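What follows is a set of notes on a single structure, which appears directly below.
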Amino acid sequence: MSLFITHKDTNFGRVTTFGVGDKVKVVLKVKEGAKERSQAFEGIVIAAKGSHGNRTFTVRKIGVHNVGIERIFQLGSPFLESVSVVKKGTAGVRRAKLYYTKK
């Protein structure tokens with residue numbers, strides 16, 4: 055299993071490569087009744103699993119009152135608008151799962 059993930063944006067054809075340990079910004083489409091809006095989630099990629107169309111990755115951020123929030127995203131989801139790398143951080147990462155960052 056690779057530490058790096060490649061996301062191809064179907065709307066614009068952009069390709070984003072990111073890995074475990076990188077800080078990413080994920081933009082999702084959210085439907086609320088008849089309205090549709092975009093919602094951003096920014097955090098550190100702590101896990102990646104699966105292969106090809108079944109690939110998922112977990113992003114963790116620290117929310118209000120120092121509460122950790124984790125969210126799992128499916129790479130082939132139609133609700134996934136874009137994934138952009140805010141900061142590369144894979145230089146010192148040697149593990150596929152960074153669950154030790156929770157403590």
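Reminder that position 77 of the sequence shown reads as 131 in the numbering used here, one-by-one numbering, no gaps.
The beta carbon of each residue, even a glycine, is placed where N, CA and C say it ideally should be.
Here the structure is a predicted model, which means the values were calculated and not measured.
Reducing DSSP to helix, strand and coil, say where K142 ends up. The count along the sequence shown starts at 1 and reaches residue 142 at position 88. In the structure shown, K142 sits in coil (DSSP, three-state: anything other than H, G, I, E or B).
For I123, which residues from the same chain have a beta carbon less than 6 angstroms from its beta carbon, with the 5 sequence-adjacent residues on both sides left out? Taking the first residue of the sequence shown as position 1, residue 123 is located at position 69. Answer for I123: K115, G117, listed in chain order.
Among residues of its own chain, excluding the 5 on either side of Q128, which ones have a beta-carbon nearer than 7 angstroms to its beta-carbon? Taking the sequence shown and counting its residues from 1, one reaches residue 128 at position 74. Answer for Q128: T110, listed in chain order.
Report yes or no: do the segment 85-93 and the segment 101-109 share at least 3 C-beta pairs separated by less than 8 angstroms? Short answer: they don't touch.
Close Cβ partners of K141 (< 8 angstroms) along its chain, the five nearest in sequence each way excluded: For the purposes of this step, residue 141 is taken as the residue at position 87 of the sequence shown. Around K141, the same chain offers D76, K77 as residues with beta carbons nearer than 8 angstroms, after the five sequence neighbours per side are excluded.
Member of R148, K151, V113, Y154 whose CA lies at the smallest distance from the CA of S41: Past the edges of the chain, shown from 55 to 157, lies residue 41, and the structure says nothing about it.
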